[in-house]
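Working notes, beginning with the structure itself.
In this note's numbering, the protein residues as written are 472 to 544.
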């Protein structure tokens, strides 16, 4: 049987200073097992996704390069 690994949020939730005050934000926090936790600030109890640091790095670099601009309002 495979060993189960449980991930937990280990740091404070943070969001971009560009986020609007209505709560439509993506929040990130440091997590256990060298992961980064991601959640929707509008529905913080709806679930948390955990990503590796290289995955978050690739996403942030893509966002900075404008690769997702067509998905924004």
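Using N, Cα and C, we set each Cβ at its ideal position, and we do this for glycine too.
Flag this pair as yes or no: are the beta carbons of residue 507 and residue 524 separated by less than 8 Å? If you number the chain shown from 1, residue 507 lands on position 36. If you number the chain shown from 1, residue 524 lands on position 53. Yes.
Kindly indicate the opening and closing residues of the alpha helix (DSSP H) around residue 534. For the purposes of this step, residue 534 is identified with residue 63 of the chain shown, where counting begins at 1. That run of the alpha helix (DSSP H) goes 524–535.
For residue 496 versus residue 517, is the C-beta distance shorter than 8 Å? What you label residue 496 is simply residue 25 of the chain shown in a count that begins at 1. What you label residue 517 is simply residue 46 of the chain shown in a count that begins at 1. Not in contact: residue 496 and residue 517 (Cβ atoms no closer than 8 Å).
Residue environment, residue 498, which counts as buried when at least 16 other CB atoms sit within 10 Å: Translated into the one-based positions of the chain shown, residue 498 becomes position 27. Buried is the call here.
For residue 491 and residue 538, the rounded distance between their alpha carbons: Taking the chain shown and counting its residues from 1, the one referred to as residue 538 is at position 67. Taking the chain shown and counting its residues from 1, the one referred to as residue 491 is at position 20. Roughly 21 Å separates the two Cα atoms.
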